[in-house]
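K.L.:
One structure, pasted below without further comment.
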Amino acid sequence: MKNGNIITVFGSSKPQPGEAAYKTAYELGRALASAGYTVCNGGYGGTMEAGARGAKDAGGRTIGVTCGIFGRSGPNAFLDKIIETDSLYPRLTKLIELGDGYIVLPGGSGTLVELSLVWEMVAKKLMCPKPIVLMGDFWKPVIDISAIERPKTVELIQYAHSVEDAVKRLS
Numbered sequence: 005m006k007n008g009n010i011i012t013v014f015g016s017s018k019p020q021p022g023e024a025a026y027k028t029a030y031e032l033g034r035a036l037a038s039a040g041y042t043v044c045n046g047g048y049g050g051t052m053e054a055g056a057r058g059a060k061d062a063g064g065r066t067i068g069v070t071c072g073i074f075g076r077s078g079p080n081a082f083l084d085k086i087i088e089t090d091s092l093y094p095r096l097t098k099l100i101e102l103g104d105g106y107i108v109l110p111g112g113s114g115t116l117v118e119l120s121l122v123w124e125m126v127a128k129k130l131m132c133p134k135p136i137v138l139m140g141d142f143w144k145p146v147i148d149i150s151a152i153e154r155p156k157t158v159e160l161i162q163y164a165h166s167v168e169d170a171v172k173r174l175s
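Right, here's the structure in full:
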């Protein structure tokens, strides 16, 4: 066990079982749990469900941080602990606060906000340095644009091209 270390995984709520993004998130959850990490995410469907399902299938622990304003049908069934927040900012803050490291999967504007906030907090030293690992090159154009203004902050980001590589980069 990794002393209870929690890895927060950010990603899209869109992927469905059978899709490549869902499978990647599932395998990531399995690998994190097998390495002794607790998987934390937003607690709903898509990559959040897949990662939690993978972690549970590997005998791991999971945390979902949900948000009442979304009006969704409820959290996924693969969560050991559910932390309900009443709005978006407390949800983001809790997801970041709980994480001892972060893995960011491809996603939309919500995932971009999560990546941006954790990256900015580490860059501005508003929190201790923690690993930020991006799966694949999906976010590379965003990172490259940011590097024009603040090239040193790019050093805070790591890229992984496999689930195994992502887990390895956390230590």
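Using the working numbering, the first residue of the sequence shown is number 5, and each one after it goes up by one. Glycine included, C-beta positions come from ideal geometry on N, C-alpha and C. In this text the structure is predicted, and so the values were computed from the model without any measurement.
On a Cα-Cα basis, can you pick out the residue from D61, L92, A59, G64 that is closest to G75?
P.N.:
Nearest of D61, L92, A59, G64 to G75, Cα basis: L92.
K.L.:
State the Cα-Cα distance for the pair V108 and F14, rounded to the nearest angstrom.
P.N.:
5 angstroms
K.L.:
Which of the three DSSP states, helix, strand or coil, is assigned to K85?
P.N.:
strand
K.L.:
Tell me, which residues are paired with T70 by DSSP?
P.N.:
E88
K.L.:
Does M125 come out as helix, strand or coil in the three-state DSSP assignment?
P.N.:
Three-state DSSP puts M125 in a helix.
K.L.:
Looking at C-alpha atoms only, which residue of E118, A170, E159, T70 is the closest neighbour of G140?
P.N.:
A170
K.L.:
Find the nearest neighbour of P21 within the set A56, I152, A164, Y106, judged by alpha-carbon distance.
P.N.:
A56
K.L.:
Grouping DSSP H, G and I as helix and E and B as strand, with all else coil, what is L109?
P.N.:
coil
K.L.:
From E88 to A62, what distance separates their C-alpha atoms?
P.N.:
25 angstroms
K.L.:
Taking all protein chains shown into account, do 16 or more other C-beta atoms lie within 10 angstroms of the C-beta of E118, making it buried, or fewer, making it exposed?
P.N.:
buried
K.L.:
For a test of the three-state rule: what should DSSP assign to L160, helix, strand or coil?
P.N.:
Look at L160 here: in three-state DSSP terms it is helix.
K.L.:
State the DSSP-derived secondary structure class of M139, mapped to helix, strand or coil.
P.N.:
strand
K.L.:
Beta-carbon separation of S38 and T115 under 8 angstroms?
P.N.:
no
K.L.:
Can you tell me whether N7 is helix, strand or coil according to DSSP?
P.N.:
Because the pLDDT of N7 is 48, which lies under 50, any placement of that residue in the model is unreliable, and the question is left without a value.
K.L.:
Determine the burial state of I149: buried for a count of at least 16 other Cβ atoms within 10 Å of its Cβ, exposed for fewer.
P.N.:
Counting every other CB atom within 10 Å of its CB across the protein chains shown gives I149 a total below 16, marking it as exposed.
K.L.:
What do you reckon, are the CB atoms on T12 and L99 nearer than 8 angstroms?
P.N.:
yes
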